[in-house]
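Residue numbers (the numbering used here): 20 to 437.
Cβ coordinates follow ideal geometry from the N, Cα and C atoms, glycine included.
A quick write-up on the structure given underneath.
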Ligand SMILES: [Zn+2]
C-alpha cells in the first residue's frame with residue numbers, strides 16, 4: 020500500500036519477461052530429455068549454472084563472495100555499507116530428475132529484485148544480498164540443506180567436507196576441483212532479515228486459487244520404525260488362539276492412529292509408508308513385522324501429542340497380544356516459526372499489490388529452516404501445477420512467477436529501508 024492508501028499501481032515492478040527468459044535459459048543447463056533438470060550439487064553442470072548467474076550478477080554491478088562451503092553471496096550495495104544485509108536466495112542444485120523451478124526460481128527472482136532496483140535507480144539503506152546455498156537437495160551428497168546448515172553453525176564444516184557421493188568423491192575434493200574456496204571456518208555476515216521465494220511443492224494454493232502463500236513456518240516432522248516379534252508357524256494346522264502373530268498389533272495400531280490423527284485436525288499428517296512381514300510367505304504366520312510411521316504437524320503441542328500417542332497405542336497393542344516389540348525414532352526435525360516482522364512484510368507486500376494470499380506452513384524443509392536459527396526469516400510460496408515437484412514435469416505459470424517476484428521485491432524494499 021502506498022502512503023496515501025492506494026494500491027501500488029504504478030510503483031516499482033520486476034520485469035517478468037526477463038525473469039521468465041532467465042529461468043528458461045538456466046533450465047537449459049542440465050536439461051533432461053523429459054523437460055526437467057539434472058544439475059546436482061558441485062558438478063560441472065551446477066558450476067556452469069553458477070557461471071551464468073555470475074555473468075548476470077556482474078552486469079548488474081554486484082560484488083561476489085564464495086564462502087568455505089561453497090555458498091555464493093551476490094551483494095548490491097546499500098546507502099550505508101556498515102548495516103547488516105537484507106538477504107534473499109535459495110539453491111541452484113536439483114534432484115537427478117528435478118524440475119525447472121525448485122530453488123532456481125528463488126535465486127533468479129532475487130537477481131530480478133536487484134535488476135529491478137537498478138532499472139528504477141532505487142537505492143536501499145541496507146545492502147541487498149542474494150545467497151545461493153550449496154547442496155540444498157542432498158541428492159548427490161547425503162545431507163539436505165548442507166550449505167545453509169554450515170553457515171548457520173548447525174553443522175560442523177569438517178563434517179560437511181567429509182560427506183561423499185556414491186563414487187566416493189568428497190565435498191572437499193569437489194570444492195577444490197571446481198576452484199571454489201575451502202578454509203577452516205565459514206564467516207557469517209550480519210543479516211537483518213532473510214526471505215526465500217519458492218514454489219509451494221504442494222497443491223494447496225492451486226486448489227484454493229491463491230497466488231501467494233505467506234509462509235509462517237515449517238511443520239514438525241519425524242519418522243519412526245516399529246518392529247514386532249512373533250513366531251513363524253504353519254498357516255494351516257496352527258489354531259488362531261495359539262499363534263504369536265505380530266500382524267495383530269498392526270490391526271490394532273492402524274485404526275487407533277488413523278482415528279487419533281483425525282482428532283488433531285486437517286493439518287496433521289500420518290503415513291505408514293512401509294509395512295513388511297518376515298518371511299513374507301502366504302502360508303506362514305510371520306515371525307516378525309516391521310512398519311514405518313511418518314508424523315507431521317505444524318503446531319508443536321499437537322505434534323508432541325501425536326508422537327506420544329504412537330508409543331501408547333503400540334505398547335497397548337503389544338500388551339494385549341502378549342508380544343514384544345520396539346518403537347524407534349529414526350529422524351526428527353523440529354518445526355520452525357518464522358519471524359513475525361518478516362511474515363508481516365510479505366503479507367503487506369501481497370496486499371499492497373492486490374494479490375490474493377493465504378497463510379500457510381511449509382510441508383517440506385528449506386534452507387530458511389537453518390537461516391531462521393540465526394536471523395529473522397520468512398518465506399513466500401507461489402503455486403506449481405498439480406502441486407508437483409521433485410519431478411521433471413514441475414511447472415509454474417509466468418503470471419505467478421512474476422507475482423511472487425513482485426512480492427519479494429516489495430517485502431525486501433520495506434525491510435531494507437528501516
Ligand atoms: Zn528447493
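Quiz item: Any heavy atom of ligand 1 within a distance shorter than 8 Å of the CB on residue 167?
Solution: Residue 167: no, Cβ never under 8 Å from ligand 1.
Exercise. List in chain order: all unbroken beta strand (DSSP E) runs of 3+ residues lying wholly within the stretch 224-288.
Key: 231-237, 239-248
Quiz item: Beta carbon of residue 231, beta carbon of residue 426: below 9 Å?
Solution: Yes, the pair counts as a contact, with Cβ atoms nearer than the cut-off.
Quiz item: So, residue 439 versus residue 380, is the Cβ gap smaller than 9 Å?
Solution: Since the first residue shown for the chain is 20 and the last is 437, residue 439 is missing from the structure and cannot be characterised.
Quiz prompt | residue 31 versus residue 204 - alpha carbon distance | solution = 39 Å
Quiz item: Would the beta-carbon of residue 156 be found less than 8 Å away from any heavy atom of ligand 1?
Solution: Result yes, Cβ under 8 Å from ligand 1.
Quiz item: What are the boundary residues of the beta strand (DSSP E) that includes residue 155?
Solution: Segment: none, residue 155 is in no beta strand (DSSP E) and carries neither H nor E.
Practice problem: Alpha carbon to alpha carbon, how far is residue 161 from residue 337? Give it in angstroms, no decimals. | Solution: 35 Å
Practice problem: Mark residue 293 as exposed unless 16 or more other C-beta atoms lie within 10 angstroms of its C-beta, in which case mark it buried. | Solution: exposed
Quiz item: Should residue 109 be listed as close to ligand 1, given that the test is whether its C-beta is under 8 Å from any heavy atom?
Solution: True, at least one ligand heavy atom lies under 8 Å from that Cβ.
Practice problem: Please go through the same chain and pick out, in chain order, the residues whose beta-carbon is closer than 8 Å to the beta-carbon of residue 43, but skip the five residues on each side of it. | Solution: 119
Quiz prompt | Of the listed residues 74, 91, 48, 348, nearest to residue 106 (C-alpha basis) | solution = 91
Quiz item: What are the partner residues of residue 313, as DSSP defines its beta bridges?
Solution: 242, 290
Practice problem: Write down every uninterrupted run of the beta strand (DSSP E) in the stretch 79-115 whose length is 3 residues or greater and which is fully enclosed by it, in chain order. | Solution: 82-85, 91-95, 104-109
Practice problem: Measuring alpha carbon to alpha carbon, tell me which of 393, 424, 390 ends up nearest residue 399. | Solution: 424
Quiz prompt | From 213, 127, 347, 301, residue whose alpha carbon lies closest to that of residue 41 | solution = 127
Exercise. Using beta-carbon positions only, say whether residue 347 and residue 268 come within less than 9 Å of one another.
Key: no
Quiz item: Taking the DSSP output, what are the residues bridged to residue 350?
Solution: 242
Quiz prompt | Which listed residue (428, 305, 411) has its alpha carbon closest to that of residue 49 | solution = Among 428, 305, 411, the Cα nearest to that of residue 49 belongs to 411.
Quiz item: Between residue 77 and the rest of its own chain, which residues show a CB-CB distance below 7 Å, the 5 nearest in sequence each way excluded?
Solution: none
Quiz item: To which residues does DSSP link residue 295 through a beta bridge?
Solution: 309
Quiz item: Would a C-beta distance cut-off of 9 Å place residue 413 and residue 422 closer than the cut-off?
Solution: no
Practice problem: Put residue 379 into one of helix, strand or coil per three-state DSSP. | Solution: strand
Self-check item: Residues passing the C-beta test against ligand 1 heavy atoms, cut-off 5 Å
Solution: 121, 122
Quiz item: What residues in its chain sit with their C-beta under 6 Å from that of residue 345, if we drop five residues either side in the sequence?
Solution: 246
Quiz prompt | Backbone secondary structure at residue 333 - three-state DSSP | solution = helix
Quiz item: What residue does the beta strand (DSSP E) around residue 215 start on, and which one ends it?
Solution: 210-218
Quiz item: Quick one: any contact between the stretch 207-225 and the stretch 91-104, if contact means 3 or more CB pairs under 8 Å?
Solution: yes
Quiz item: Taking the Cβ atom as the reference point for each residue, do residue 137 and residue 95 lie within a distance shorter than 9 Å?
Solution: yes
Self-check item: Paired residues, beta bridge with residue 396 - DSSP
Solution: Beta-bridge pairing by DSSP links residue 396 to 213.
Quiz item: Beta carbon of residue 244, beta carbon of residue 309: below 9 Å?
Solution: In this structure, residue 309 lies closer than 9 Å to residue 244 by Cβ.
Self-check item: 4 or more residues per run - each alpha helix (DSSP H) lying fully within the stretch 165-202
Solution: 165-170, 176-180, 190-196
Quiz item: Can you tell me the Cα-Cα spacing of residue 419 and residue 224, whole angstroms?
Solution: 11 Å
Quiz item: Is the Cβ-Cβ distance between residue 157 and residue 165 less than 9 Å?
Solution: yes
Quiz item: DSSP state of residue 401, grouped into three classes?
Solution: strand
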